[in-house]
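Here is the structure we will look at, set down as structure tokens.
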């Protein structure tokens with residue numbers, strides 16, 4: 018499957034600068050691969066991504082993303098938000114872009130960061146994590162013991178991690194914790210991935226179904 022996608026994208030790479038449009042499904046073309054393709058082709062144009070009623074757009078100039086918008090997000094935040102869309106449709110329109118350059122970071126860096134974010138998000142999805150998931154933090158004694166058992170300095174609980182652990186009392190849903198802490202989705206995904214990977218959290222219960230299925234809602238507080 019991966020090789021088939023790669024071959025198809027390599028063929029598209031030879032045509033993208035002359036073809037009026039490139040379209041596909043996010044379930045078939047990973048967003049990381051799409052952005053890499055456009056970057057390698059030094060493409061100029063607009064990438065539109067749709068998931069149901071949601072609509073996101075990225076603007077390219079010589080293969081670099083110079084601006085992006087989705088929902089209430091702009092710039093880099095918009096790009097990372099679109100990385101959460103595991104399904105949907107995309108279309109790239111080749112045209113000359115004339116608009117302010119709001120994104121300064123090289124697209125290569127954005128892709129690497131987005132790839133890590135995408136990996137964390139997919140792992141959470143496979144665990145069945147959703148807005149109604151209930152999590153419970155290990156006791157303070159257990160946490161201290163687990164951290165002490167690791168090589169000194171390898172694990173550090175940031176303030177945001179500690180705040181999440183304190184809120185995860187085994188009764189609140191993830192959606193309730195998100196509203197309580199006021200963290201954006203990207204920050205929550207990063208915190209959750211770190212805490213679950215290190216077994217600092219126990220999953221008490223999860224939503225039925227999988228966020229990979231459009232019929233169920235993934236952890237998206239603003240959209241639930």
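Numbering (our numbering), first residue to last: 18 to 241. C-beta: ideal position from N, C-alpha, C; glycine also. Owing to the predicted nature of the structure, the values given are computational and were not obtained by experimental measurement.
Where residue i and residue j are concerned, what is the direct C-alpha to C-alpha distance, given to the nearest angstrom?
i, j, result
"residue 109", "residue 76", "10 Å"
"residue 158", "residue 181", "17 Å"
"residue 129", "residue 185", "30 Å"
"residue 31", "residue 60", "Only weak support is given to the placement of residue 31: the predicted model assigns it a pLDDT of 44, under 50, and the value that follows is read from those uncertain coordinates. Those two C-alpha atoms are separated by around 11 Å."
"residue 39", "residue 126", "23 Å"
"residue 73", "residue 87", "4 Å"
"residue 241", "residue 173", "Residue placement at residue 241 is poorly supported in this model, since its pLDDT is 32, which falls under 50; the coordinates still yield a value, given next. The straight-line gap from Cα to Cα measures roughly 32 Å."
"residue 222", "residue 151", "5 Å"
"residue 188", "residue 58", "50 Å"
"residue 232", "residue 146", "Any answer about residue 232 is weak, because its pLDDT of 36 lies below 50 and its placement is not dependable; what the coordinates show is given next. Roughly 15 Å between the two C-alpha positions."
"residue 194", "residue 202", "12 Å"
"residue 161", "residue 217", "10 Å"
"residue 220", "residue 112", "48 Å"
"residue 167", "residue 211", "15 Å"
"residue 198", "residue 154", "15 Å"
"residue 55", "residue 71", "22 Å"
"residue 139", "residue 82", "24 Å"
"residue 123", "residue 156", "42 Å"
"residue 78", "residue 95", "17 Å"
"residue 84", "residue 165", "44 Å"
"residue 114", "residue 196", "38 Å"
Does the distance from the C-beta atom of residue i to that of residue j stay below 9 Å?
i, j, result
"residue 144", "residue 213", "yes"
"residue 209", "residue 137", "yes"
"residue 119", "residue 149", "no"
"residue 66", "residue 92", "no"
"residue 141", "residue 206", "yes"
Assuming residue i and residue j form a contact by the criterion Cβ under 8 Å, report the distance between their Cβ atoms to the nearest whole angstrom.
i, j, result
"residue 43", "residue 100", "That pair is no contact at about 10 Å."
"residue 200", "residue 175", "Incorrect: roughly 12 Å between the Cβ atoms, too far for contact."
"residue 97", "residue 131", "6 Å"
"residue 48", "residue 135", "7 Å"
The ligand GDP heavy atoms versus the CB of residue i: any closer than 8 Å?
i, result
"residue 121", "The ligand GDP is absent from the structure shown, which contains no ligands of any kind."
Handout entry: Runs of alpha helix (DSSP H) wholly within the segment 176 to 208 (minimum 4 residues, chain order)
Key = 176 to 184, 191 to 198
Handout entry: 3 or more residues per run - each beta strand (DSSP E) lying fully within the segment 35 to 76
Key = 38 to 42, 62 to 68
Exercise for the section: Report the residue ranges of all beta strand (DSSP E) runs contained in full by the segment 130 to 176; include only those spanning at least 3 residues, in chain order. Expected result: 151 to 154
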